[in-house]
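To keep things clear, I will list the structure first and then write my remarks on it.
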Amino acid sequence: MRKTWTTGLALALPLALAACGGSAPAGTDRADGGQSGGTIKIGSLHPLSGAAAADGQQMDNGAKLAVEAINNAGGIKSQGGAKLELLSADTQGKPEVGQSEAQRLIQAGAVGLVGTYQSAVTANVSTVAERNKVPLVIDVSSADSILAQGYKFTFRVQPSSTVLGTQGAQFLDEVAKAAGRPAKQVAIFHEQGPFGSAIRDAFKAEAEKRGMKIGPVISYDSASVSDLTTQMTTVKASGADVLMVSGYYRDGVLVAQAADTVKPGLDAVFGVANGAFDLPQFPKEVGAAGEGYFDANYHPDMTKPETQALAKLYQERYGDEIRTGAVLAYDAVRVIADALERAGSAEPEKVRDAIATVELDTLIAGDGPIKFGPTGENENATPILMQVRDGKVKQVFPADKAETAPVYPAGR
Amino acid sequence: MTQTPDRAHAVAGNGGGVVSGDLDDELEPGGEPAPRAPLLRRVPWLRVAIVVGLVVAGIALAYLRSGSGVVVMQAVATGVLIGGVYGLVAMGLTLIFGVLDIVNFAHGSFLALALFLTFWLVNGHGVHPYLALAVSVPAMFLLGMLVQRGVLSGAMGKPLENQLLITLGLSLIIENALLLFFGANPRSVALPGDRGVPILGAVADLSRVLAFVGALLLAGLLFLLLQRTRLGTAIRAVAANDVGAQLAGIDTRLIYAVTFAIGTACAGAAGTLVAPLVTIEPTTGALFNIIAFVVVVLGGMGNVVGALLGGLIVGLAEQLGGLYLPGQSPLLSVFIVFVLVLFLRPQGLFRRAA
Numbered sequence: 049m050r051k052t053w054t055t056g057l058a059l060a061l062p063l064a065l066a067a068c069g070g071s072a073p074a075g076t077d078r079a080d081g082g083q084s085g086g087t088i089k090i091g092s093l094h095p096l097s098g099a100a101a102a103d104g105q106q107m108d109n110g111a112k113l114a115v116e117a118i119n120n121a122g123g124i125k126s127q128g129g130a131k132l133e134l135l136s137a138d139t140q141g142k143p144e145v146g147q148s149e150a151q152r153l154i155q156a157g158a159v160g161l162v163g164t165y166q167s168a169v170t171a172n173v174s175t176v177a178e179r180n181k182v183p184l185v186i187d188v189s190s191a192d193s194i195l196a197q198g199y200k201f202t203f204r205v206q207p208s209s210t211v212l213g214t215q216g217a218q219f220l221d222e223v224a225k226a227a228g229r230p231a232k233q234v235a236i237f238h239e240q241g242p243f244g245s246a247i248r249d250a251f252k253a254e255a256e257k258r259g260m261k262i263g264p265v266i267s268y269d270s271a272s273v274s275d276l277t278t279q280m281t282t283v284k285a286s287g288a289d290v291l292m293v294s295g296y297y298r299d300g301v302l303v304a305q306a307a308d309t310v311k312p313g314l315d316a317v318f319g320v321a322n323g324a325f326d327l328p329q330f331p332k333e334v335g336a337a338g339e340g341y342f343d344a345n346y347h348p349d350m351t352k353p354e355t356q357a358l359a360k361l362y363q364e365r366y367g368d369e370i371r372t373g374a375v376l377a378y379d380a381v382r383v384i385a386d387a388l389e390r391a392g393s394a395e396p397e398k399v400r401d402a403i404a405t406v407e408l409d410t411l412i413a414g415d416g417p418i419k420f421g422p423t424g425e426n427e428n429a430t431p432i433l434m435q436v437r438d439g440k441v442k443q444v445f446p447a448d449k450a451e452t453a454p455v456y457p458a459g460r
Numbered sequence: 000m001t002q003t004p005d006r007a008h009a010v011a012g013n014g015g016g017v018v019s020g021d022l023d024d025e026l027e028p029g030g031e032p033a034p035r036a037p038l039l040r041r042v043p044w045l046r047v048a049i050v051v052g053l054v055v056a057g058i059a060l061a062y063l064r065s066g067s068g069v070v071v072m073q074a075v076a077t078g079v080l081i082g083g084v085y086g087l088v089a090m091g092l093t094l095i096f097g098v099l100d101i102v103n104f105a106h107g108s109f110l111a112l113a114l115f116l117t118f119w120l121v122n123g124h125g126v127h128p129y130l131a132l133a134v135s136v137p138a139m140f141l142l143g144m145l146v147q148r149g150v151l152s153g154a155m156g157k158p159l160e161n162q163l164l165i166t167l168g169l170s171l172i173i174e175n176a177l178l179l180f181f182g183a184n185p186r187s188v189a190l191p192g193d194r195g196v197p198i199l200g201a202v203a204d205l206s207r208v209l210a211f212v213g214a215l216l217l218a219g220l221l222f223l224l225l226q227r228t229r230l231g232t233a234i235r236a237v238a239a240n241d242v243g244a245q246l247a248g249i250d251t252r253l254i255y256a257v258t259f260a261i262g263t264a265c266a267g268a269a270g271t272l273v274a275p276l277v278t279i280e281p282t283t284g285a286l287f288n289i290i291a292f293v294v295v296v297l298g299g300m301g302n303v304v305g306a307l308l309g310g311l312i313v314g315l316a317e318q319l320g321g322l323y324l325p326g327q328s329p330l331l332s333v334f335i336v337f338v339l340v341l342f343l344r345p346q347g348l349f350r351r352a353a
């Protein structure tokens, strides 16, 4: 009987993986230049199924809207009004699938790629892009390591983990001090992957420099965690006055539920690059439990009319509120289109050179236009601070990006 | 004509499973049932004492490690509450394995289906989350019946891989159908009047306490069904020796279908009970699937009460482990316990060595 089970598991696990695995058909050699019949192909690689499907589908939709907007405005004018065509692929959130799908899109003639959401997937896709000399513009994936390889064909629109963590600590310090309640002890919850750990390190370094005490630091596995009540009780027992949280959506909801149950007596729950606290779905799901939550994160600049128009269009087209990822994917496609326009050619290497000198207004709140540094980081990318207010996510800090003033302490 | 698959299964499944509501199995595969001793005598007291002792030692260690009574109390309360739910999910799985010899990979997806059914009833029709049980349990029972008769019966007695692939395929179909019809946006079900309930210095959401109580009640019902009814006796007979059961005039085809349906209904009940606790996504069921398999093996395959106790142990291991090994996946401590049990008692905690 036991043998049955062991064989069963041994058989089933690889099967489970294989069943979800590579679906890339063997392609032909890449059509050089990628131009066929006056269209230029751009590849969009996102997790359209699996645990991150909600974000992945939003991002793919964002890329589609960008292509549509560019085509409606006359396509790539320097190339005789050539139209863009978006090739969408599903990474399933798996590095190996992302890799084979990237290869497939390049073979199908994509002259540029955008993607991919999960850092581990992006790391593999960036290797494929580098090997094939096709530019990859990262919309979402914050791990510093991706751009630390010296790759020439990878660019990132969103801020890196270091920028996010450091700025997050600054925002907390400034907002708390302005309210006359400086944060003394900050507890940290973070997801245990490269994303959460990198944010933790950057946040901790900056916060300690500013005289805050850090602890306890608790990490968890975002894929399997089912409850954070015990961890929240640990925070309560430690006497911390602020809780910093860096993670994804489902675990963010668990944090809010645990805080609502335990009542840890915090001045604020402060997300840094949190995948839940700045999403419109979050206050809907947790209700009053999420009121007053902060999140220091890259975010669409809702004070801009273009962003508002895009949000409205998205709502009409897809019946859903737009998320940050979709706006970033929108911008990433625009970066490639702008480069195609200026390069006057759809040769991937020329497109890459044009991307390196891009200077493009963005719909994301930042310090200025999208502009890539020598490593491919967007030099003007920065987070802003948001807060859940009356069931809506509002921009509250810094003052020039604020829709309303922050409320601090936002007691828990 | 219709006899053929059953005979095939009867032959192949000769050393078939055992389903038991007792803590220890009295019926051995193909063996003679032991004389029926009073219930108290049939409980393996020594083993229970050892397990309880280890749990107490684990709690004491957690206290030394964290130095805060409240935190440990919270971990124990949360662990026990979530453990009851794990147990309920695993009961259905263990029942199906014990009787049909099928490793059902679609169990988590059935749970996800029940989650979405509950969501649809609550948010679309204003039904109270727990009243949704009245729909989700019968609906999942019927679905289980249909799946067993329509898809799985042909694979009975065939090589194990056939059934594995079928259930795996089912789980992929259900998961992606949910993605297609409901979309990937996370959803939730709110329990009216949900609040924190104090438990000896710790707190827990009312919804968690109710889910735990519900799990215990359903476990009790299942236990009574298996031990005290003709149907339960028939199920146990088929599990012990399906050829023998067939010779004694039991319609094994019916028992297979009913057992699979009961197992699926357990997943349905669990889905509705946990709906207020979890974020509802097409992939939510997969979270419970891994844990349920661990619980089944831990508690002894085919042992329903063992599954409930295994669930409690896994819940406690998950929460207390978080205190010993901060920063690790909750599954790490679960698998440490799991590997230890497999090493020391490969037949599971509450199952006699064959």
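Those protein sequences? They're chains A and B, same order as listed. When we follow this note's numbering, the leftmost residue of the first sequence carries the number 49, and every step to the right adds one. When we follow this note's numbering, the leftmost residue of the second sequence carries the number 0, and every step to the right adds one. From the three backbone atoms N, C-alpha and C, an ideal C-beta is built for every residue, glycine too. All values derive from a computational prediction rather than experimental measurement.
Do three or more CB pairs link the stretch 112–121 of chain B to the stretch 268–280 of chain B at distances below 8 Å?
They touch, by the three-pair rule.
Could you give the distance in angstroms between the alpha-carbon of residue 324/A and the alpha-carbon of residue 135/B?
30 Å
For chain B, check one thing: does any of its Cβ atoms lie closer than 8 Å to the Cβ of residue 333/A?
yes
Can you give me the C-alpha to C-alpha distance between residue 407/A and residue 418/A, rounded to a whole angstrom?
5 Å
What's the gap between the Cα of residue 97/B and the Cα of residue 285/B?
22 Å
Beta-ladder partner(s) of residue 133/A, from DSSP:
89/A
List the residues of chain A that residue 282/B touches, going by C-beta distances under 7 Å, in chain order.
What residue 282/B touches in chain A: 98 and 99.
Determine the chain B residues that contact residue 329/A at a beta-carbon separation under 8 Å, and present them in chain order.
184 and 185
Just checking: is the beta-carbon of residue 67/B within a distance shorter than 8 Å of some beta-carbon in chain A?
yes
Going by DSSP, name the residue or residues bridged to residue 202/A.
Answer is 184/A, bridged to residue 202/A.
Since residue 261/A is in the beta strand (DSSP E), which residue starts that stretch and which ends it?
261–268
On a CA-only basis, which of 97/A, 93/A and 401/A is nearest residue 180/B? Give me that one, please.
97/A
With DSSP as the reference, identify every bridge partner of residue 233/A, one or two as the case may be.
261/A
Through-space distance from residue 157/B to residue 328/B, alpha-carbon basis:
37 Å
Counted within 10 angstroms of its Cβ, other Cβ atoms place residue 70/B as buried (16 or more) or exposed
buried
Can we say the stretch 206–213 of chain A touches the stretch 226–235 of chain A, given the rule of at least three CB pairs closer than 8 Å?
Below 8 Å, too few C-beta pairs join the stretch 206–213 of chain A and the stretch 226–235 of chain A to call them touching: fewer than three.
Of the choices 444/A, 222/A, 367/A and 242/A, whose alpha-carbon is the least far from that of residue 351/A?
444/A
Alpha carbon to alpha carbon, how far is residue 107/B from residue 207/B? Give it in angstroms, no decimals.
19 Å
On a Cα-Cα basis, can you pick out the residue from 163/A, 345/A and 281/A that is closest to residue 251/A?
345/A
Residues of its chain near residue 141/A, where Cβ-Cβ distance is below 7 Å and the 5 sequence neighbours each way are ignored:
Around residue 141/A: 95, 98, 99, 100, 166 and 169.
Do the stretch 365–373 of chain A and the stretch 438–455 of chain A meet, that is, are 3 or more Cβ pairs less than 8 Å apart?
no
Of the choices 109/A, 127/A and 118/A, whose alpha-carbon is the least far from that of residue 476/A?
Examination of residue 476/A is not possible in this model, given that chain A is present from 49 through 460 alone.
Going along the chain, which residues of the stretch 146–164 of chain B sit with their C-beta nearer than 8 Å to a C-beta in chain A?
159, 160, 163 and 164
Quick one: is residue 328/B near chain A, going by C-beta distance under 8 Å?
yes
Would you identify the three-state DSSP class for residue 30/B, choosing helix, strand or coil?
Residue placement at residue 30/B is flagged as unreliable, the pLDDT there being 40, under the threshold of 50; a coordinate-derived value is accordingly withheld.
Let me make sure I understand the geometry here. Which of 291/A, 354/A, 307/A and 308/A has the alpha-carbon closest to that of residue 343/A?
Comparing C-alpha distances from residue 343/A to each of 291/A, 354/A, 307/A and 308/A shows the shortest one belongs to 291/A.
Would residue 188/A and residue 260/A be called neighbours here (beta carbons separated by less than 8 Å)?
No, these two residues do not count as a Cβ contact at 8 Å.
Residues in its own chain within less than 6 Å of residue 472/A by CB, not counting five upstream and five downstream?
The structure shown does not extend to residue 472/A, since chain A is modelled only from 49 to 460, so the question has no answer here.
Going residue by residue through the stretch 87–143 of chain B, where are the continuous alpha helix (DSSP H) segments of at least 4 residues, counting only ones entirely within it?
Those alpha helix (DSSP H) runs which fall completely within the stretch 87–143 of chain B and span 4+ residues are 106–118.
For residue 275/A, decide whether its Cβ has a neighbour in chain B, counting only Cβ atoms nearer than 8 Å.
So, interface residue.
Within chain B, partners of residue 301/A - CB distance below 7 Å
278
Between 48/B, 95/B and 44/B, which lies nearest to residue 292/B when the distance is taken from Cα to Cα?
95/B
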